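Taking it in order: structure first as structure tokens, then the write-up.
Numbering (my numbering), first residue to last: 359 to 564.
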């Protein structure tokens, strides 16, 4: 069944603290495009979505939609496909968080403010993500790791090094808003401080 995931390997953590991203893997195909819209398949669509979020969350709505659509061999995310999935997600056991123009889904019971992991692509090509698909909390954690090593950096350098920590060798203009958003969140959380375009680590109180 499509909602069943292949056996997942254990969590792999790199020396710098990055966790290897594990993409959802379906067993078989759930149906076709026409089948996707059938009322009788609503529960199946919901279960698949919940499983994707369980395995990959936090993740953006767009990435979640692509994963679910693939189980029905849907190649294009049309507005109708998106609306169908949004409707189904309204009854799903997942957490929905709106960040500006983006929507992210977290496993049920997930607490974004307490999340401390950041993930990086592994050998599986499907584990590569667009930066826009990464939650600000995860970007913030990558920035925190950079600061734990450097203690203090100019903002521009921290933006670049955070991207590298997440596995991106080049930082484009399109990526910068998402990176800065994560760094801003890190500051809001009290885990970093900004002064004159420099960002410093704020040691945690133990």
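We put the CB at the ideal spot given by N, CA and C, even for glycine.
Since this is a predicted model, take the numbers as computed values, not measurements.
Residue j beta carbon less than 8 Å from that of residue i
i	j	result
residue 407	residue 435	no
residue 486	residue 462	no
residue 352	residue 389	In the structure as shown, the chain starts at 359 and stops at 564, and residue 352 therefore has no counterpart that could be examined.
residue 380	residue 411	no
C-alpha distance - residue i paired with residue j, whole-angstrom precision
i	j	result
residue 541	residue 517	8 Å
residue 562	residue 378	25 Å
residue 447	residue 554	43 Å
residue 432	residue 396	14 Å
residue 538	residue 430	36 Å
residue 374	residue 552	24 Å
residue 438	residue 393	14 Å
residue 559	residue 383	38 Å
residue 530	residue 515	13 Å
residue 454	residue 470	10 Å
residue 547	residue 391	43 Å
Start and end residues, alpha helix (DSSP H) containing residue i
i	result
residue 484	Looking at the DSSP string, residue 484 is not in any alpha helix (DSSP H), and its letter there is neither H nor E.
residue 394	391-394
residue 431	That residue, residue 431, is in no alpha helix (DSSP H); it is neither H nor E in DSSP.
residue 469	Run containing residue 469: none; DSSP gives neither H nor E here.
residue 405	400-414
residue 454	Counting along the chain, residue 454 falls outside any alpha helix (DSSP H), though it belongs to the beta strand (DSSP E) covering 452-457.
Residue range of the beta strand (DSSP E) that includes residue i
i	result
residue 559	556-559
residue 387	No beta strand (DSSP E) contains residue 387, which DSSP labels as neither H nor E.
residue 552	550-553
residue 512	510-512
CB-CB length for residue i against residue j, believed under 8 Å
i	j	result
residue 550	residue 533	Between residue 533 and residue 550 the Cβ distance is about 19 Å, and since that is not below 8 Å, they are no contact.
residue 524	residue 478	6 Å
residue 456	residue 466	Contact flag wrong, Cβ pair sits at about 17 Å.
residue 556	residue 510	6 Å
residue 475	residue 496	7 Å
residue 418	residue 372	That pair is no contact at about 23 Å.
residue 504	residue 488	Residue 504 to residue 488, Cβ: 20 Å. No contact.
Does the region 424-433 come close enough to the region 468-482 to have 3 or more Cβ pairs within less than 8 Å?
As far as the Cβ criterion goes, the region 424-433 does not touch the region 468-482, which means the pair count is below three.
Tell me, please, whether the region 395-403 touches the region 497-505 by the rule of three or more beta-carbon pairs shorter than 8 Å.
no
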